[in-house]
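Before any comments, here is the structure.
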Amino acid sequence: LRRAGAHAFLAERRRLGCLRLYRPVRAGGQGHDGGAVAADGAGVRGGGGGEGAGLGGGLLEGDVDFYVEQARRFGGPILELAVGTGRILLPLAAAGHEVVGLDRSPAMLAMARTRFKARPEFNAQLVEGDMRRFDLSRSFTLIIIAARSFQHLVEPADQRAALSCARRHLQPGGHLILDLFDPNFEL
22 LRRAGAHAFL
32 AERRRLGCLR
42 LYRPVRAGGQ
52 GHDGGAVAAD
62 GAGVRGGGGG
72 EGAGLGGGLL
82 EGDVDFYVEQ
92 ARRFGGPILE
102 LAVGTGRILL
112 PLAAAGHEVV
122 GLDRSPAMLA
132 MARTRFKARP
142 EFNAQLVEGD
152 MRRFDLSRSF
162 TLIIIAARSF
172 QHLVEPADQR
182 AALSCARRHL
192 QPGGHLILDL
202 FDPNFEL
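Take any residue in the sequence shown, count from 1 to its spot, add 21: that is its number in this note's numbering.
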């Protein structure tokens, strides 16, 4: 989409109540151009705290609380694509949700496995795979792509493949939450 077309599309989706952008606030009250997009109009309550509290007012401050709240709202099972070290997945599991994390990096998954090994009571599974093409042979109530990870897919064909794959894994009425950066090209 062209920039103007994208703005018009997003404005129309917001007007219809289908989309709300979460724009975290930096320490000192200054905003930035990023945020989680909840396709059903879900907002964000609170900030900081949780495992993301060590970010010191950075761009991702409050995101863990946001995802925990959305998981409470929509239920599980939950799939996180580009799970990385499990920074988001671990608090979701701690909240009692069945979680699956997928990442293509064996090194990141090794770090996540170390974190989960300390908490064997959590109902979690970590899978090596590419978000553009995976088949877990099951579906999820909630799929999360946090920390702007979706934007590592720079080719539109890769983005479409990842979204199609995610859609195939969503239960009917399921929800996909993406964290995206909306750059300000007017600067």
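No residue lacks a Cβ here, since even glycine has one placed at the ideal position from N, Cα and C.
(request) Measure from the C-beta of residue 83 to each C-beta in chain B and report whether the shortest distance is under 8 angstroms. (result) No chain B appears in the structure shown, which is made up of a single protein chain.
(message) Suppose the cutoff is 6 angstroms on Cβ atoms and the five residues either side in sequence are ignored; what does the same chain contact list for residue 102 look like?
(response) The residue given as residue 102 occupies position 81 in the sequence shown. Once the five neighbours on either side are set aside, the close Cβ partners of residue 102 are 123, 152 and 166.
(request) Measure the CB-CB distance between residue 145 and residue 110 and report whether it falls below 8 angstroms. (result) For the purposes of this step, residue 145 is taken as the residue at position 124 of the sequence shown. For the purposes of this step, residue 110 is taken as the residue at position 89 of the sequence shown. Going by C-beta atoms, residue 145 is nearer than 8 angstroms to residue 110.
(message) Is it buried or exposed, residue 139, if we count other Cβ atoms within 10 angstroms and call 16 or more buried?
(response) For the purposes of this step, residue 139 is taken as residue 118 along the sequence shown, with counting starting at 1. Residue 139 comes out exposed.
(request) Rounded to whole angstroms, what's the CA-CA distance from residue 127 to residue 193? Just pull it up for me. (result) If you number the sequence shown from 1, residue 127 lands on position 106. If you number the sequence shown from 1, residue 193 lands on position 172. Roughly 31 angstroms between the two C-alpha positions.
(message) Can you give me the C-alpha to C-alpha distance between residue 112 and residue 85, rounded to a whole angstrom?
(response) On the sequence shown, residue 112 is found 91 positions in, with the first residue counted as 1. On the sequence shown, residue 85 is found 64 positions in, with the first residue counted as 1. So the alpha carbons of these two residues sit roughly 7 angstroms apart.
(message) Assuming contact is defined by CB atoms lying nearer than 8 angstroms, are residue 163 and residue 99 in contact in what I supplied?
(response) As a first step, residue 163 must be located in the sequence shown, where it is residue number 142. As a first step, residue 99 must be located in the sequence shown, where it is residue number 78. Yes, these two residues count as a Cβ contact at 8 angstroms.
(request) Kindly list the residues whose CB is nearer than 6 angstroms to the CB of residue 97, restricted to its own chain and excluding five residues on each side of it in sequence; keep chain order. (result) On the sequence shown, residue 97 is found 76 positions in, with the first residue counted as 1. Excluding residues within five positions, the ones whose Cβ falls inside 6 angstroms are 118, 119 and 162.
(request) Taking only the alpha-carbon atoms, compute the straight-line gap between residue 133 and residue 121 and give it to the nearest angstrom. (result) Working through the sequence shown from its first residue, we reach residue 133 at position 112. Working through the sequence shown from its first residue, we reach residue 121 at position 100. Each residue's Cα considered, the two are about 11 angstroms apart.
(message) For residue 108, count the other beta carbons within 10 Å of its own beta carbon; 16 or more makes it buried, fewer makes it exposed. Which is it?
(response) Locating residue 108 in the sequence shown gives position 87, where the first residue counts as 1. Burial state of residue 108 is buried, judged by a 10 Å Cβ sphere holding 16 or more other Cβ atoms.
(request) Determine the direct distance from the alpha carbon of residue 155 to that of residue 88, and round the result to whole angstroms. (result) For this step, residue 88 is matched to residue 67 along the sequence shown. For this step, residue 155 is matched to residue 134 along the sequence shown. Taking the straight line joining both Cα atoms gives about 23 angstroms.
(message) Between which two residues does the alpha helix (DSSP H) holding residue 91 run?
(response) Position 70 of the sequence shown, counted from the start, is the residue given in the question as residue 91. Counting along the chain, the alpha helix (DSSP H) containing residue 91 begins and ends at 84-95.
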